[in-house]
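Under the working numbering, residues 54 to 427 are what the sequence shown spells out, in order. Let me begin by presenting the structure, written as structure tokens, before commenting on it.
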Amino acid sequence: MLWWGYTFRVTYSVMYFEGLGVFAVRKEFLQVLERAGRLKELNGDDLAVLIGADREEGAALFSLADKMRCRYVGEDVHIRGIIEFSNYCARNCLYCGLRKDNAALPRYRMSPQEIVASACQAAGLGCRTIVLQSGEDSFYTAEILSDIIFRIKKDLDVAVTLSVGDRSREDYGIFREAGADRYLLKHETCDTQLFSALRPGTFLEGRVKRLKWLRELGYQAGSGNMVGLPGQTMETLAGDILLMQKLGVAMAGIGPFIPNKQTPLAGEPGGTLDLSLKTLAAARLALPNVHFAATTAMDTVHHRGRAKALKCGANVIMPNMTPARYRDSYLIYPCKAGLSDTPEESYAGAVKTVESVNRGISTDCGHSLVGNRS
Ligand code: SAH
Ligand code: SF4
Numbered sequence: 054m055l056w057w058g059y060t061f062r063v064t065y066s067v068m069y070f071e072g073l074g075v076f077a078v079r080k081e082f083l084q085v086l087e088r089a090g091r092l093k094e095l096n097g098d099d100l101a102v103l104i105g106a107d108r109e110e111g112a113a114l115f116s117l118a119d120k121m122r123c124r125y126v127g128e129d130v131h132i133r134g135i136i137e138f139s140n141y142c143a144r145n146c147l148y149c150g151l152r153k154d155n156a157a158l159p160r161y162r163m164s165p166q167e168i169v170a171s172a173c174q175a176a177g178l179g180c181r182t183i184v185l186q187s188g189e190d191s192f193y194t195a196e197i198l199s200d201i202i203f204r205i206k207k208d209l210d211v212a213v214t215l216s217v218g219d220r221s222r223e224d225y226g227i228f229r230e231a232g233a234d235r236y237l238l239k240h241e242t243c244d245t246q247l248f249s250a251l252r253p254g255t256f257l258e259g260r261v262k263r264l265k266w267l268r269e270l271g272y273q274a275g276s277g278n279m280v281g282l283p284g285q286t287m288e289t290l291a292g293d294i295l296l297m298q299k300l301g302v303a304m305a306g307i308g309p310f311i312p313n314k315q316t317p318l319a320g321e322p323g324g325t326l327d328l329s330l331k332t333l334a335a336a337r338l339a340l341p342n343v344h345f346a347a348t349t350a351m352d353t354v355h356h357r358g359r360a361k362a363l364k365c366g367a368n369v370i371m372p373n374m375t376p377a378r379y380r381d382s383y384l385i386y387p388c389k390a391g392l393s394d395t396p397e398e399s400y401a402g403a404v405k406t407v408e409s410v411n412r413g414i415s416t417d418c419g420h421s422l423v424g425n426r427s
């Protein structure tokens, strides 16, 4: 007992956190949290301490991240409607069900008319941003895709985000000229070796280069990473946050890796909601004015995953606007939340989630607050 008391005195502090009660937290943790609250720069070790929070420390971390979110990006949540328009992919990412070698997956492509009609439906429901996502599918040439973007921007008062993977600088320029506002290209992991092992034939350098191009072209660039990848450590996750800081991203998606039986990573344990939320909260402290999504993957690993994310740093939610008949073929990972929902149901579900945490819905497009717009 005496030994315990001694350890307690040297290593821990008893703290009262407003609204949370009294907690015993590591002194080291408290020091980092206190510095984060004063917006001091956090290095990799600091971020690893935050991400490694235990249960009680986690509650304090989430509480501060929630306060920072409120102070820097406000109370309203941005709803971005996502249209998964093609599940064809030329890549073979080890973690993803859309990988080229997954012969068990029925493939589909939406026609330009269908994509524009889905965008109209999403805007009609209230989405002020349309996210167009697909595998790396060269069927959609720069000409075809830019025509789709142009038609959406011409007819609807929405922002357009693209998430179609690696393309040439020239293509990115054409999409931007057609009216695309944002581009989401997750760096997935900052570990260069792990990146190339998981994404055969590609390099982290290539992603970083593209994220720089996107910013140069005037896009609001978004990145992000998966949590719980095989071989990943707390330091890797801290490095993911530092990389996003260095890249000056306007938005980010952080979510658990969910193993898919139809991929080489079928037997891996995958990421937990808890570690994903801690990574998200630490990222909010390091990047206070970035838009962070409460990701669908979080809802897939826990039925209240997105609601919890909204309470520890997230301010964006992305209901699925893909027509019901295509949804179960966009199987990046299994048991995806809301798989059988219609766009109307997905939108209503997102609104319900936002309301369940007593937050409002933004009526604007939710452009970047980071200041990297052209
Ligand atoms: N082809 C594009 C966009 C579609 S993939 C691209 O790769 O950028 C969209 C995202 O799905 C990826 O960025 C990745 O982070 C996520 N993803 C893929 N497989 C996943 C899995 N098994 N678990 C969780 N997220 C996954
Ligand atoms: Fe294709 Fe993207 Fe999946 Fe990789 S993560 S296989 S690029 S859809």
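Here a beta-carbon is modelled for each residue, glycine too, at the ideal position from N, C-alpha and C.
Along the alpha helix (DSSP H) that carries residue i, what are the first and last residues, could you check?
{"i": "Ala250", "result": "Thr245 to Leu251"}
{"i": "Thr353", "result": "Thr349 to Val354"}
{"i": "Pro396", "result": "Pro396 to Ser409"}
{"i": "Gly150", "result": "Counting along the chain, Gly150 falls outside any alpha helix (DSSP H), and DSSP gives it neither H nor E."}
{"i": "Lys331", "result": "Leu326 to Ala339"}
{"i": "Asp224", "result": "Arg222 to Ala231"}
{"i": "Asp200", "result": "Ala195 to Asp208"}
{"i": "Gly179", "result": "Counting along the chain, Gly179 falls outside any alpha helix (DSSP H), and DSSP gives it neither H nor E."}
{"i": "Arg91", "result": "Taken as a continuous stretch (DSSP letters only), Arg91 belongs to no alpha helix (DSSP H), as it is neither H nor E."}
{"i": "Gly259", "result": "Leu257 to Glu269"}
{"i": "Lys444", "result": "The structure shown does not extend to residue 444, since the chain is modelled only from 54 to 427, so the question has no answer here."}
{"i": "Arg378", "result": "Ala377 to Arg380"}
Applying the criterion that 16 or more other CB atoms from any shown protein chain within 10 Å of the CB defines a buried residue, is residue i buried or exposed?
{"i": "Thr194", "result": "exposed"}
{"i": "Val67", "result": "exposed"}
{"i": "Arg252", "result": "buried"}
{"i": "Ile183", "result": "buried"}
{"i": "Arg263", "result": "buried"}
{"i": "Gly72", "result": "exposed"}
{"i": "Cys123", "result": "exposed"}
{"i": "Pro159", "result": "exposed"}
{"i": "Ile197", "result": "exposed"}
{"i": "Lys93", "result": "exposed"}
{"i": "Gln442", "result": "Nothing about residue 442 can be reported from this structure: the residues present for the chain run from 54 to 427 only."}
{"i": "Phe192", "result": "exposed"}
{"i": "His344", "result": "buried"}
{"i": "Asn313", "result": "buried"}
{"i": "His131", "result": "buried"}
{"i": "His240", "result": "buried"}
{"i": "Phe256", "result": "exposed"}
{"i": "Asp234", "result": "buried"}
{"i": "Thr375", "result": "buried"}
What residue range is occupied by the uninterrupted beta strand (DSSP E) comprising residue i?
{"i": "Gln273", "result": "Gln273 to Val280"}
{"i": "Thr214", "result": "Ala212 to Ser216"}
{"i": "Leu237", "result": "Arg235 to Leu237"}
Name, in chain order, the residues that DSSP records as bridge partners for residue i.
{"i": "Ile104", "result": "Note: Ile104 sits in no beta bridge, so no partner."}
{"i": "His131", "result": "Val369"}
{"i": "Pro309", "result": "Val280"}
{"i": "Phe76", "result": "Met68"}
{"i": "Val184", "result": "Ile135 and Thr214"}
{"i": "His344", "result": "Met304"}
{"i": "Arg160", "result": "Per DSSP, none; premise fails for Arg160."}
{"i": "Ile414", "result": "Val130"}
{"i": "Glu241", "result": "Asn278"}
Flag this pair as yes or no: are the beta carbons of residue i and residue j separated by less than 7 Å?
{"i": "Glu109", "j": "Phe70", "result": "no"}
{"i": "Ala335", "j": "Leu103", "result": "yes"}
{"i": "Thr332", "j": "Val369", "result": "no"}
{"i": "Arg181", "j": "Cys418", "result": "yes"}
{"i": "Leu338", "j": "Ala118", "result": "yes"}
{"i": "Ala362", "j": "Met351", "result": "yes"}
{"i": "Ile202", "j": "Ala231", "result": "yes"}
{"i": "Pro283", "j": "Val354", "result": "no"}
{"i": "Gln315", "j": "Asn155", "result": "yes"}
{"i": "Ala403", "j": "Ala101", "result": "no"}
{"i": "Ala367", "j": "Thr395", "result": "no"}
{"i": "Cys365", "j": "Phe115", "result": "yes"}
{"i": "Gly218", "j": "Tyr141", "result": "no"}
{"i": "Pro317", "j": "Leu147", "result": "yes"}
{"i": "Met287", "j": "Gly105", "result": "yes"}
{"i": "Tyr386", "j": "Leu178", "result": "no"}
{"i": "Ser139", "j": "Asp190", "result": "yes"}
Measuring from the CB of residue i, is there a heavy atom of ligand 4 at a distance below 6 Å?
{"i": "Gln246", "result": "What this structure holds is ligand 1 and ligand 2, not ligand 4."}
Using a C-beta cutoff of 7 Å, does residue i count as contacting chain D?
{"i": "Arg229", "result": "Among the chains in the structure shown there is no chain D, since it carries only a single protein chain."}
Touch check for the stretch 198-212 and the stretch 241-255: three-plus C-beta pairs under 8 Å?
no
The stretch 265-276 / the stretch 299-310 touching (three or more Cβ pairs under 8 Å):
yes
Cβ contact check for the stretch 130-138 and the stretch 371-384: 3 or more pairs under 8 Å:
yes
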